[in-house]
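Protein chains in written order, with our numbering: chain A, 243 to 308; chain B, 766 to 964. Heads up, the beta-carbon is just placed ideally off N, CA and C, and yes, glycines get one too. Predicted model, so just to flag it, every value in this text is computed and none were measured.
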Ligand code: SF4
Ligand code: SF4
Ligand code: SF4
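Structural data, given as structure tokens:
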């Protein structure tokens, strides 16, 4: 199963991924970074497609540290 | 942006960005309205500890999306890694604030009478563009107009940089190093630091 994973150190908390996500799985935590709720994420990749910094990526769930 | 969801009024603020530049073309005093886009994000960050402004109501970010994605003016290629690196982001913020300070100082010179009003826009902090049609005197003292010219220059320059990186890379690449974005995220991180958001 594929899920989105975010690099919190790279993320600029612009919030574009959260706007794009069709499942409302992303929340911008305290203006610091985007947090992905993996129980809601369906791995569609719309967040990755929009992200300007390349910090959010859809990865294989087993490999991804969540 | 999502299908089947009710649109909020603030999703149309990209129109405001265009209106802003149009107003400043006719009368430079309107440049002062841009202060809203400066102060509001800071209020959200300092009081609320969030980036609600960036996340929902920044007209500039929205404009890059509308032009880049909806109107296909972007190559949509990943940007070079250094653009979103901490040193570049904070370096650009420092540079931007220095330039802002210089602009305020020029306003002060006009205020104190040591300088005279220059009816020009400076693009990329280098190129002077005559803009004299946008001001023919008003009830306000000259320094008010001087600030207008300076602030408008800053807004136009940053939007032009944003448009260039929009065309070259991802639509909202500007947001990776936008000084307001960096500043508000920095404030939020400081605020959240006490409660360890990274944990
Ligand atoms: S992959 Fe799709 S569902 Fe998952 S967080 Fe990104 S946009 Fe949302
Ligand atoms: S789009 Fe990218 S940089 Fe912006 S909040 Fe989402 S993960 Fe972070
Ligand atoms: S990072 Fe800058 S341009 Fe992007 S949404 Fe925030 S204030 Fe607007």
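Residue 897 of chain B burial status per 10 Å Cβ neighbour count (16 or more: buried):
As a first step, residue 897 of chain B must be located in the second chain, where it is residue number 132. Counting Cβ neighbours within 10 Å, residue 897 of chain B comes out exposed, since fewer than 16 surround it.
Please report the distance separating the alpha-carbon of residue 302 of chain A from that of residue 807 of chain B.
If you number the first chain from 1, residue 302 of chain A lands on position 60. If you number the second chain from 1, residue 807 of chain B lands on position 42. Computed Cα separation, rounded: 38 angstroms.
Where do the ends of the alpha helix (DSSP H) carrying residue 290 of chain A lie?
Here residue 290 of chain A refers to the residue found at position 48 of the first chain. 288-292 is the extent of the alpha helix (DSSP H) around residue 290 of chain A.
Should residue 301 of chain A be flagged as near chain B, meaning a C-beta pair shorter than 8 angstroms?
As a first step, residue 301 of chain A must be located in the first chain, where it is residue number 59. It does not: the Cβ of residue 301 of chain A has no partner Cβ on chain B nearer than 8 angstroms.
Within 8 angstroms, strictly: CB atoms of residue 931 of chain B and residue 829 of chain B:
The residue labelled residue 931 of chain B in the question sits at position 166 within the second chain. The residue labelled residue 829 of chain B in the question sits at position 64 within the second chain. It is a contact, given that the beta carbons lie within the stated cut-off.
From residue 915 of chain B to residue 279 of chain A, what does the alpha carbon distance come to, in whole angstroms?
The residue you call residue 915 of chain B lines up with position 150 of the second chain. The residue you call residue 279 of chain A lines up with position 37 of the first chain. If you take the alpha carbons of residue 915 of chain B and residue 279 of chain A, they lie about 44 angstroms apart.
What are the residues of the segment 267-279 of chain A that lie near chain B, defined by any Cβ-Cβ distance shorter than 8 angstroms?
270, 271, 272, 273, 274 and 275
Cross-chain neighbours of residue 296 of chain A in chain B, by beta carbon under 7 angstroms
To locate residue 296 of chain A, count along the first chain from 1; it is residue 54. The contacting residues are 843.
Taking residue 825 of chain B as the query, report the chain A residues whose CB atoms sit under 9 angstroms from its CB, ordered along the chain.
As a position in the second chain, residue 825 of chain B is number 60, starting the count at 1. Simply none; closest approach about 11 angstroms.
Taking only three categories from DSSP, how would you classify residue 904 of chain B?
To locate residue 904 of chain B, count along the second chain from 1; it is residue 139. It is coil, neither helix nor strand.
What residues in its chain sit with their C-beta under 6 angstroms from that of residue 332 of chain A, if we drop five residues either side in the sequence?
The structure shown has nothing for residue 332 of chain A, since chain A only spans 243 to 308.
Report the neighbours of residue 953 of chain B on chain A: residues whose CB is nearer than 8 angstroms to its CB, in chain order.
Locating residue 953 of chain B in the second chain gives position 188, where the first residue counts as 1. Near residue 953 of chain B (Cβ distances below 8 angstroms), the residues of chain A are 255, 272, 273 and 274.
Taking contact to mean 3 or more Cβ pairs, one atom from each stretch, closer than 8 angstroms, check whether the segment 939-954 of chain B and the segment 847-863 of chain B are in contact.
yes
Under 9 angstroms Cβ-Cβ, which residues of chain B neighbour residue 246 of chain A?
Locating residue 246 of chain A in the first chain gives position 4, counting from the first residue. Correct list: empty, because the minimum Cβ distance to chain B is about 16 angstroms.
For chain A, is any of its Cβ atoms less than 8 angstroms away from the one on residue 941 of chain B?
Position 176 of the second chain holds residue 941 of chain B. Interface residue, yes.
Partner residues on chain A for residue 814 of chain B, Cβ-Cβ distance less than 7 angstroms
On the second chain, residue 814 of chain B is found 49 positions in, with the first residue counted as 1. Correct list: 272 and 273.
Using the Cβ count rule (16 or more neighbours within 10 Å means buried), how would you classify residue 833 of chain B?
Here residue 833 of chain B is taken as the residue at index 68 of the second chain, counted from 1. So residue 833 of chain B ends up on the buried side.
Is residue 945 of chain B near ligand 3, judged by its Cβ being under 7 angstroms from some heavy atom?
Against the second chain, residue 945 of chain B aligns to sequence position 180. Residue 945 of chain B Cβ: within cutoff of ligand 3.
Smallest Cα separation from residue 846 of chain B: which of A/246, A/245, A/243 and A/251?
Within the second chain, the letter at position 81 stands for residue 846 of chain B. Checked all of A/246, A/245, A/243 and A/251; the closest Cα to residue 846 of chain B is A/251.
Is residue 776 of chain B helix, strand or coil when you go by DSSP?
Start at 1 with the first residue of the second chain, and residue 776 of chain B comes out as number 11. Looking at residue 776 of chain B - three-state DSSP - the assignment turns out to be helix.
Cβ of residue 254 of chain A within 7 angstroms of any heavy atom in ligand 2?
Indexing the first chain from 1 puts residue 254 of chain A at position 12. Flag set: Cβ of residue 254 of chain A near ligand 2.
Would you mind sorting residue 773 of chain B into buried or exposed? The rule is 16 or more other CB atoms within 10 Å of its CB.
Residue numbering aside, residue 773 of chain B sits at position 8 when the second chain is read from its first letter. Exposed.
Specify, as a first and last residue, the run of the beta strand (DSSP E) that residue 244 of chain A falls within.
The residue labelled residue 244 of chain A in the question sits at position 2 within the first chain. 244-248 is the span of the beta strand (DSSP E), which, as asked, contains residue 244 of chain A.
Give a yes or no on whether the minimum CB-CB distance between residue 957 of chain B and chain A is below 8 angstroms.
Mapped onto the second chain, residue 957 of chain B falls at position 192. With 8 angstroms as the cut-off, residue 957 of chain B counts as an interface residue toward chain A.
Hey, residue 262 of chain A and residue 283 of chain A: beta-carbon distance below 8 angstroms or not?
For the purposes of this step, residue 262 of chain A is identified with residue 20 of the first chain, where counting begins at 1. For the purposes of this step, residue 283 of chain A is identified with residue 41 of the first chain, where counting begins at 1. Not in contact: residue 262 of chain A and residue 283 of chain A (Cβ atoms no closer than 8 angstroms).
Going by the C-beta, is residue 819 of chain B closer than 7 angstroms to any heavy atom of ligand 4?
Looking at this structure, you won't find ligand 4 anywhere; what it does contain is ligand 1, ligand 2 and ligand 3.
Within the same chain, show all residues whose beta-carbon is closer than 6 angstroms to that of residue 300 of chain A, passing over the 5 residues directly before and after it, in chain order.
Here residue 300 of chain A corresponds to residue number 58 of the first chain, with the count starting at 1. Hits under 6 angstroms: 244, 246, 285, 287 and 290.
Residue 937 of chain B at chain A interface by Cβ criterion, 8 angstroms
In the second chain, the residue the question calls residue 937 of chain B occupies position 172. For residue 937 of chain B, the answer is yes, since a Cβ of chain A falls inside 8 angstroms of its Cβ.
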